[in-house]
Amino acid sequence: MCIIVDANRMGWFLKEPYGDEVEPIHKWLTKRNKPGHLIYSAGGLFSEEVPYSAKVKLKAYLDAGRASVIPANSFENLEKEFRNNPKVKSDDHHILALAQHTGARILLTGDKDLREDFKNHELINEPRGKIYSDQRQAHLLKSSACRRT
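Quick note: the sequence shown, position 65, residue 65 per the working numbering, numbers continuous.
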């Protein structure tokens, strides 16, 4: 079970103390039995958008086996396909490609266009992408598949 957190939300997501909106995700990521998994790629604007304190917390999740960093070059062909797809509204081709590559189907983002793209069954399907906005979507954390390649 995997989630992708858009780089534009990563600092907010990892800032302690965690807000009520994201507390269910952190509990899910540290659960002993069938824990969740955070998927991200350090390519693109990651270095610019993610603060140092968030990178430290990401490293802790990596060390605990609760996160995976996926090399951007492993899904660059998919990213090019999304970049050339006229149905894509957002400029987050790397997020769409990362989801397609890993099978992660839950996304935390503040980007309206990316949310629309992620839920578009013509772009992300089998299973369809879901958006986590706040604790009301905690039920999504029980059903997301992921290959973690």
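The beta carbon of each residue, even a glycine, is placed where N, CA and C say it ideally should be. Note that the structure is a prediction, hence the values are computed from the model and not measured.
Continuous beta strand (DSSP E) stretch holding residue i: start and end
i: residue 68; result: 67–69
i: residue 4; result: 2–5
Straight-line Cα distance separating residue j from residue i
i: residue 17; j: residue 10; result: 14 Å
i: residue 90; j: residue 131; result: 15 Å
i: residue 40; j: residue 69; result: 5 Å
Residue closest to residue i, alpha-carbon to alpha-carbon, out of the options
i: residue 125; options: 51, 57, 100; result: 100
i: residue 73; options: 63, 42, 65, 58; result: 42
i: residue 32; options: 8, 65, 40; result: 65
i: residue 111; options: 121, 93, 122, 146; result: 93
i: residue 12; options: 139, 113, 104, 54; result: 54
i: residue 30; options: 46, 60, 108, 8; result: 60
i: residue 5; options: 119, 98, 113; result: 98
Limits of the alpha helix (DSSP H) - the one that residue i falls within
i: residue 40; result: Counting along the chain, residue 40 falls outside any alpha helix (DSSP H), though it belongs to the beta strand (DSSP E) covering 37–40.
i: residue 163; result: Residue coverage of the chain in this structure runs from 1 to 149, which leaves residue 163 outside it and unanswerable.
Paired residues, beta bridge with residue i - DSSP
i: residue 146; result: Its beta-bridge partners do not exist; DSSP assigns none.
Check whether the segment 22–30 and the segment 132–144 are in contact - that is, three or more C-beta pairs closer than 8 Å. Cβ pair count under 8 Å is three or more, so yes.
If you pair each beta-carbon of the segment 46–61 with each one of the segment 79–92, do three or more pairs fall below 8 Å? Judged by Cβ distances under 8 Å, the segment 46–61 makes no contact with the segment 79–92, as fewer than three pairs qualify.
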